[in-house]
Amino acid sequence: MVTLGVETSCDETSLALYSEEGVIGQVVLSQAQVHAPFGGVVPELSAREHTRNIIPLLERLLSQTGFDLSKIDFVSFTLTPGLIMSLVVGVAFAKAVAFLYNKPLVPVHHLEGHIYSVFVETKVDYPFLALVVSGGHTDLYLVEDFGKYIFLGGTLDDAVGESYDKVARLLGLGYPGGPIIDKLARTGEPIISLPRPMLDDESFNMSFSGLKTAVKNLVKTGSYRKEDIAASFQKAVVDVLEEKTKRAIRHTGVKNLVVAGGVSANSELRERFRKLSEEMKVKLYIPSLYLCTDNAVMIARAGMERYKRGVVAPLDVNPEPNIPLEVFGRQWT
Ligand code: KG4
Ligand code: ZN
0 MVTLGVETSC
10 DETSLALYSE
20 EGVIGQVVLS
30 QAQVHAPFGG
40 VVPELSAREH
50 TRNIIPLLER
60 LLSQTGFDLS
70 KIDFVSFTLT
80 PGLIMSLVVG
90 VAFAKAVAFL
100 YNKPLVPVHH
110 LEGHIYSVFV
120 ETKVDYPFLA
130 LVVSGGHTDL
140 YLVEDFGKYI
150 FLGGTLDDAV
160 GESYDKVARL
170 LGLGYPGGPI
180 IDKLARTGEP
190 IISLPRPMLD
200 DESFNMSFSG
210 LKTAVKNLVK
220 TGSYRKEDIA
230 ASFQKAVVDV
240 LEEKTKRAIR
250 HTGVKNLVVA
260 GGVSANSELR
270 ERFRKLSEEM
280 KVKLYIPSLY
290 LCTDNAVMIA
300 RAGMERYKRG
310 VVAPLDVNPE
320 PNIPLEVFGR
330 QWT
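Numbering (numbering that gives the first Met the number 0), first residue to last: 0 to 332.
Here is the structure:
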């Protein structure tokens with residue numbers, strides 16, 4: 000069984016061919032250079048770039064793999080959440096392929112894609128806890144089975160990746176800020192005291208906008224080295240993520256932990272969560288770096304799970320900017 004995966008929810012255009020045996024091929028085109036001058040993703044530019052690039056990317060994928068597109072069994076695509084006009088491009092493209100070859104359409108939730116990115120490399124036993132850390136989300140879910148997601152808590156304001164990008168902008172670094180701060184932090188010391196918002200709060204909710212404001216005030220003083228600010232900011236972020244995750248593990252009693260999304264590429268987070276998993280005796284699953292940031296393989300992988308359960312979408316299905324994961328799971332099972 001082979002599926003074509005389609006991902007256009009934000010600033011990566013990505014297509015993948017994926018079978019039950021694994022990845023056949025993938026193409027990912029990042030729009031980072033287009034958005035860099037603005038320090039963040041410009042929705043209209045994103046949609047235009049997807050429209051410009053999606054067919055040339057399909058041609059590249061087919062020539063790289065030598066695969067005959069008419070031989071796919073179904074099309075997997077991101078239906079939600081994301082920038083609506085960017086989603087529209089991917090959904091219209093997925094429908095065109097499905098219509099042309101008379102193949103089923105299988106909708107995937109973007110966060111579900113991130114979570115199931117780990118299944119590309121291994122299998123995880125249910126139930127497991129999933130921490131999704133990306134540019135748009137910072138959420139903790141209890142995953143009881145495919146499609147059965149229980150939301151435990153998440154950020155009440157900025158997503159953690161978003162705060163990385165904003166702090167990078169404050170420091171005059173490039174975009175996306177996450178990888179740049181990650182690298183810079185390795186050369187600095189976490190010597191500056193920064194808040195750990197909502198750490199005293201018993202819930203699994205988090206908040207990162209206060210941390211960004213604290214960095215803004217630090218930058219204004221002009222008396223700190225950028226690398227020390229980066230190291231201190233990163234330590235504060237990982238402290239919060241670590242503590243909230245520990246609480247969720249204790250609360251749910253799970254033995255398996257999945258950490259996924261763009262920020263799961265972060266070196267300090269990966270190291271600290273490895274220690275956490277040893278301490279708490281849970282098995283940790285973090286995808287390889289190429290599966291952390293947005294990609295179509297993860298969409299294809301989650302699509303494979305849904306298709307095996309016999310769930311497909313009609314050809315008039317419409318993207319939505321923000322269906323919560325737990326609601327989507329109930330709708331499409
Ligand atoms: O999952 P993703 O590709 O897109 C969304 O679904 O949002 O995540 C992108 C986010 C960006 O905010 C980027 O700065 C962040 O992931 N990111 C990182 C690292 N690599 C990417 N954040 C921290 N450390 C990294 N190494
Ligand atoms: Zn993402």
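Heads up, the beta-carbon is just placed ideally off N, CA and C, and yes, glycines get one too.
Contact check, residue i vs residue j, beta carbons under 7 Å
| i | j | result |
| --- | --- | --- |
| residue 134 | residue 161 | yes |
| residue 77 | residue 8 | yes |
| residue 67 | residue 1 | no |
| residue 107 | residue 301 | yes |
| residue 100 | residue 299 | no |
| residue 130 | residue 244 | yes |
| residue 272 | residue 258 | yes |
| residue 26 | residue 44 | no |
| residue 152 | residue 203 | yes |
| residue 158 | residue 186 | no |
| residue 28 | residue 60 | no |
| residue 311 | residue 331 | no |
| residue 79 | residue 319 | yes |
| residue 104 | residue 251 | no |
| residue 87 | residue 263 | no |
| residue 24 | residue 64 | yes |
Closest residue to residue i among the options (Cα-Cα distance)
| i | options | result |
| --- | --- | --- |
| residue 22 | 88, 10, 91, 121 | 121 |
| residue 205 | 10, 72, 83, 247 | 247 |
| residue 317 | 83, 66, 30, 27 | 83 |
| residue 167 | 129, 226, 202 | 226 |
| residue 70 | 92, 87, 97 | 97 |
| residue 217 | 169, 319, 176 | 169 |
| residue 234 | 332, 270, 53 | 270 |
| residue 3 | 319, 306, 328, 326 | 306 |
| residue 238 | 194, 92, 150 | 194 |
| residue 265 | 320, 229, 53, 296 | 229 |
| residue 241 | 178, 283, 214 | 283 |
| residue 47 | 332, 10, 19, 62 | 10 |
| residue 33 | 92, 174, 198, 79 | 174 |
| residue 143 | 288, 123, 154 | 123 |
| residue 155 | 197, 311, 308, 89 | 197 |
| residue 6 | 177, 171, 89, 19 | 89 |
| residue 163 | 105, 178, 87 | 178 |
| residue 115 | 321, 322, 326, 292 | 292 |
| residue 41 | 85, 181, 148, 192 | 85 |
| residue 180 | 214, 323, 287 | 214 |
Local conformation of residue i per DSSP, three classes
| i | result |
| --- | --- |
| residue 25 | strand |
| residue 113 | helix |
| residue 147 | strand |
| residue 77 | strand |
| residue 205 | strand |
| residue 16 | strand |
| residue 261 | helix |
| residue 319 | coil |
| residue 161 | helix |
| residue 154 | strand |
| residue 55 | helix |
| residue 306 | helix |
| residue 289 | helix |
| residue 61 | helix |
| residue 176 | helix |
| residue 200 | coil |
| residue 325 | helix |
| residue 106 | strand |
| residue 48 | helix |
| residue 120 | coil |
| residue 67 | coil |
| residue 89 | helix |
Beta-bridge partners of residue i, as assigned by DSSP
| i | result |
| --- | --- |
| residue 255 | 282 |
| residue 96 | None; residue 96 has no bridge partner. |
| residue 43 | Paired residue(s): none; residue 43 is not in a bridge. |
| residue 129 | 140, 257 |
| residue 2 | 17, 73 |
| residue 312 | 104 |
| residue 11 | 29 |
Residue i, buried or exposed, once every other Cβ within 10 Å from all chains shown has been counted against 16
| i | result |
| --- | --- |
| residue 294 | buried |
| residue 207 | buried |
| residue 221 | exposed |
| residue 285 | buried |
| residue 125 | exposed |
| residue 36 | exposed |
| residue 278 | exposed |
| residue 190 | exposed |
| residue 30 | buried |
| residue 53 | buried |
| residue 212 | exposed |
| residue 200 | exposed |
| residue 255 | buried |
| residue 287 | exposed |
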